[in-house]
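Notes to accompany the following structure.
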Amino acid sequence: MTHRIGQILIRAIVTLLMVAILNFILFRIVPGDPARLLLAGARTAVTAKQIEAQRQRWGLDRPLIPDQVVDYLSATLHGDLGFSFKFRGRYVADLILERLPATIVLVGLAQFIAILCGVVLGLYAGWRRGGAIDQIATGASLALYSTPSFWVGMLLVVVFSTALGWLPGYGVYSPGATIGFFDGLLDHLRHLALPVAAVALGLIGQYVVVARAAMSDVVTEDYMVTARAKGLTNGQMLVRHAFRNAMLPVVTLVTLNLGYVVAGAITVEAVFAWPGIGGLTVEALNARDYPVLQGIFLLLGASIVIANLMADLAYGLLDPRVRK
Amino acid sequence: MSESTVQSLSRGRTRALKNFLRQFLGHGGAQLGLLCLVLFLVMAAVPNILVGPLQTAINATGDFLASPSSQHLLGTDEVGRDVLNLVVHGARISLTIALLATVISLIVGTTVGMTAGYFGRWVDDWLMRLTDFFFVMPSFVLALVITPVVLEVMGRGGEILGFRPSLFVIIVVIGMTSWAFVARIVRSQTLSLRERTFIDRARVAGSSNLSIMVRHILPNLVPQIAANGALVVAGAIYVETSLSFLGLGDPLQPSWGTLLSLAQSAGAASAGAWWYLGAPGLCVLTVSLSFVLIGNALDDTFNPRRRVIP
Numbered sequence: 001m002t003h004r005i006g007q008i009l010i011r012a013i014v015t016l017l018m019v020a021i022l023n024f025i026l027f028r029i030v031p032g033d034p035a036r037l038l039l040a041g042a043r044t045a046v047t048a049k050q051i052e053a054q055r056q057r058w059g060l061d062r063p064l065i066p067d068q069v070v071d072y073l074s075a076t077l078h079g080d081l082g083f084s085f086k087f088r089g090r091y092v093a094d095l096i097l098e099r100l101p102a103t104i105v106l107v108g109l110a111q112f113i114a115i116l117c118g119v120v121l122g123l124y125a126g127w128r129r130g131g132a133i134d135q136i137a138t139g140a141s142l143a144l145y146s147t148p149s150f151w152v153g154m155l156l157v158v159v160f161s162t163a164l165g166w167l168p169g170y171g172v173y174s175p176g177a178t179i180g181f182f183d184g185l186l187d188h189l190r191h192l193a194l195p196v197a198a199v200a201l202g203l204i205g206q207y208v209v210v211a212r213a214a215m216s217d218v219v220t221e222d223y224m225v226t227a228r229a230k231g232l233t234n235g236q237m238l239v240r241h242a243f244r245n246a247m248l249p250v251v252t253l254v255t256l257n258l259g260y261v262v263a264g265a266i267t268v269e270a271v272f273a274w275p276g277i278g279g280l281t282v283e284a285l286n287a288r289d290y291p292v293l294q295g296i297f298l299l300l301g302a303s304i305v306i307a308n309l310m311a312d313l314a315y316g317l318l319d320p321r322v323r324k
Numbered sequence: 001m002s003e004s005t006v007q008s009l010s011r012g013r014t015r016a017l018k019n020f021l022r023q024f025l026g027h028g029g030a031q032l033g034l035l036c037l038v039l040f041l042v043m044a045a046v047p048n049i050l051v052g053p054l055q056t057a058i059n060a061t062g063d064f065l066a067s068p069s070s071q072h073l074l075g076t077d078e079v080g081r082d083v084l085n086l087v088v089h090g091a092r093i094s095l096t097i098a099l100l101a102t103v104i105s106l107i108v109g110t111t112v113g114m115t116a117g118y119f120g121r122w123v124d125d126w127l128m129r130l131t132d133f134f135f136v137m138p139s140f141v142l143a144l145v146i147t148p149v150v151l152e153v154m155g156r157g158g159e160i161l162g163f164r165p166s167l168f169v170i171i172v173v174i175g176m177t178s179w180a181f182v183a184r185i186v187r188s189q190t191l192s193l194r195e196r197t198f199i200d201r202a203r204v205a206g207s208s209n210l211s212i213m214v215r216h217i218l219p220n221l222v223p224q225i226a227a228n229g230a231l232v233v234a235g236a237i238y239v240e241t242s243l244s245f246l247g248l249g250d251p252l253q254p255s256w257g258t259l260l261s262l263a264q265s266a267g268a269a270s271a272g273a274w275w276y277l278g279a280p281g282l283c284v285l286t287v288s289l290s291f292v293l294i295g296n297a298l299d300d301t302f303n304p305r306r307r308v309i310p
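Sequence order for the protein chains is A and B.
Per my numbering, the first sequence starts with residue 1, numbered consecutively.
Per my numbering, the second sequence starts with residue 1, numbered consecutively.
And the structure:
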């Protein structure tokens, strides 16, 4: 068990290291003097002395490998991601931390709803294969699975915001309104509804497909026949044997999926002018703000690696066969 | 080999092919997928014959954001271009990007997977470590940070084979970041093929490693590569659409994703211009669903064990 955890940890660290090294390479490929690029986001006018200081700081006169790489990695490890080009004088790490909560709320809520709806629907569809609900759910989730979430978001805006006028189509709060805590919360939730729905719908499609496949595999297993032969009722079979075994692949997918969820949320945030990581990504892309873009890449990489770590560990806990 | 064996061999192959086609084409999903795909391939092949040359702000023919009418079946965009015209021309761009990216991805994935599986030991270790990285990091996330840098290095001017260089950058970046999934499947298949007797026989007959891989292992991998290739195309379309939507496409050669990006910045959703954002999105949905359906049908046909489950 400890050996396995050690291996998993090493793999995670290697992946993160590769993310950081890719960042390093990309920043050196961008045309221009690295010392000037590093100062491009500083607030004040750049003097020759400052450029020299940056050269010293990052060891730009020393060899690329290993000196500069090591310097870069240690700075990254200390959370020093440099200055933003676009928001002059702001640290990349601060910018990202500022925008993170909005994305966490959006992704967290969407993930919660998608797990609840998608997994239940998928397990049921797999349990009653070929039934009416199965056919509708499978068809709909294949379609949702093939649809970019941001397009679903655009359609939701057209229908629920523009045509029906029920819900706001962009932003986090209604501007200018000074309202109490409760009304404020309600207002926030109304703004959340459409972006959360857009992200969740895409996920539901995926979860239904996987949960259904997992359940379909379980239903044909020999131990299910044994359970039936023992005289268990449908409900008992479902709870004692089918559910637990079918949950294994589902748990893995849901955890592994985190990176894709955040990536999908980036485009959805762009539709709704949501001030999270996605909004920041679009601004950074438009301004070619490489330090911010690389900071976001590092954040996504880290969250994906952590999600993988959790999936691996959870799998060990859930499946006794892996534990050995 | 005598002539009769050659004949019976080729007859056996023809029969296998006929069997395969019968099963594959009997699949409802495959029929639907192929039908849609043929439609879009025709669009991509001859857009000029169907809707005339690509409209620009200069030779636009309609009103601004006009709703669908008999003159403009899918309405117009914010500068008066016919949306049907844009969508049909977009088919060529989107499909070319997705298919070329898939070709790159399949070549890289097959090479890496086959090499790792065939040689084993340290070659396998190192190649699989590389594969793990690309398997864990989504193609979209990698492309998001690589594409703008490469675009800046390459510049956006000129044309390569009639396509803008920025589209080529997207093709290569998607292709080079989405092969890990293929490599894993090819590797595991190669591991089992390597132990078969016909490989030993080829080795005894004096075939080189390369010749064994190309002439004996590769042909046996075709089913897996084909089934997963269809899924890779669907993934490539998704990534391309998302990247272009975020503004990494080329407005002079708009793909469906670029059209959605233009619709978004023109405020089509809040203006209620459903035709403008609906048409390109529906195309993405249809094409990507077609490839998923074809991929599933191929998988069902090649993989008899899974056919039991309806």
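For each residue, glycine too, the CB sits at the ideal point set by N, CA and C.
What you are looking at is a predicted structure, and each value in this text was computed from that prediction instead of being measured.
Every alpha helix (DSSP H) stretch that sits fully inside the region 73-157 of chain A and reaches 4 residues is listed by chain position as 92-114, 120-127, 132-145, 149-156. Contact annotation for residue 132 (chain B) against chain A: 11, 14, 15 [CB-CB distance below 9 Å, chain order]. For residue 195 (chain A), the enclosing alpha helix (DSSP H) begins and ends at 181-219. Bridge partners of residue 82 (chain B) according to DSSP: B:76.
Around the Cβ of residue 137 (chain A), a 10 Å sphere holds 16 or more other Cβ atoms; the residue is buried. Under the DSSP assignment, residue 288 (chain B) falls in the alpha helix (DSSP H) whose first and last residues are 274-302. Around the beta carbon of residue 81 (chain B), a 10 Å sphere encloses 16 or more other beta carbons of the protein chains shown; the residue is thus reported as buried.
Closer than 9 Å at the C-beta level to chain A, one finds these residues of the region 244-257 of chain B: 245, 246, 247, 248, 257. Cα atoms of residue 229 (chain A) and residue 215 (chain A): separation of roughly 19 Å, rounded to the nearest angstrom.
Contact check between the region 132-143 of chain B and the region 295-313 of chain A: three or more CB pairs, one atom from each, fall below 8 Å, which counts as touching. In this structure, residue 163 (chain B) and residue 253 (chain B) form a Cβ contact; the two beta carbons are roughly 7 Å apart against a cut-off of 8 Å. Of all residues in the region 110-137 of chain B, only 129, 132, 133, 136, 137 come within less than 8 Å of chain A when Cβ atoms are compared, listed by chain position.
The C-beta of residue 228 (chain B) has 16 or more other C-beta atoms within 10 Å across all chains shown, which makes the residue buried. Here the C-alpha atom of residue 152 (chain B) lies approximately 25 Å from the C-alpha atom of residue 179 (chain B). Here the region 214-225 of chain B does not lie against the region 122-130 of chain A, with fewer than 3 beta-carbon pairs under 8 Å apart. In this structure, A:151 is the residue among A:151, A:17, A:3 with its C-alpha nearest to the C-alpha of residue 275 (chain B).
Every alpha helix (DSSP H) stretch that sits fully inside the region 197-279 of chain B and reaches 4 residues is listed by chain position as 197-204, 209-212, 218-243, 256-265. Looking at the backbone, the Cα of residue 318 (chain A) and that of residue 76 (chain B) are separated by about 55 Å.
Per the coordinates, the alpha-carbon of residue 267 (chain A) lies some 8 Å from the alpha-carbon of residue 245 (chain B). Just so you know, the alpha carbons of residue 269 (chain B) and residue 206 (chain A) end up roughly 26 Å apart. For residue 316 (chain A), there are no neighbours in chain B by C-beta distance under 7 Å, as the nearest C-beta there is about 18 Å away. Between residue 78 (chain A) and residue 272 (chain B), the alpha-carbon positions lie close to 48 Å from each other.
Residue burial annotation: residue 25 (chain A) is exposed, with fewer than 16 other C-beta atoms found within 10 angstroms of its C-beta. Exposed is the label assigned to residue 21 (chain B), since fewer than 16 other Cβ atoms lie within 10 Å of its Cβ. About 5 Å separates the beta carbon of residue 264 (chain A) from that of residue 149 (chain A), a gap short enough to meet the 8 Å contact definition. Spanning the alpha carbons of residue 233 (chain B) and residue 10 (chain A) requires a straight line of approximately 33 Å. Scanning its chain for C-beta atoms nearer than 8 Å, with the 5 sequence neighbours on each side dropped, one finds around residue 261 (chain B) the residues 244, 245, 246, 247, 249, in chain order. If the five residues before and after residue 281 (chain A) are omitted, its C-beta is found closer than 6 Å to the C-beta atoms of 266, 296, all from its own chain and listed in chain order. Close partners of residue 285 (chain B) in chain A (Cβ separation under 8 Å): 143, 146, 147, 151.
Within its own chain, the residues whose Cβ lies closer than 8 Å to the Cβ of residue 24 (chain B), once the five positions on either side in sequence are excluded, are 30, 297, 298, 301, listed in chain order.
By the CB criterion at 7 Å, residue 128 (chain B) and residue 186 (chain B) fall outside the cutoff.
At a cut-off of 7 Å between C-beta atoms, residue 91 (chain B) does not count as an interface residue with respect to chain A.
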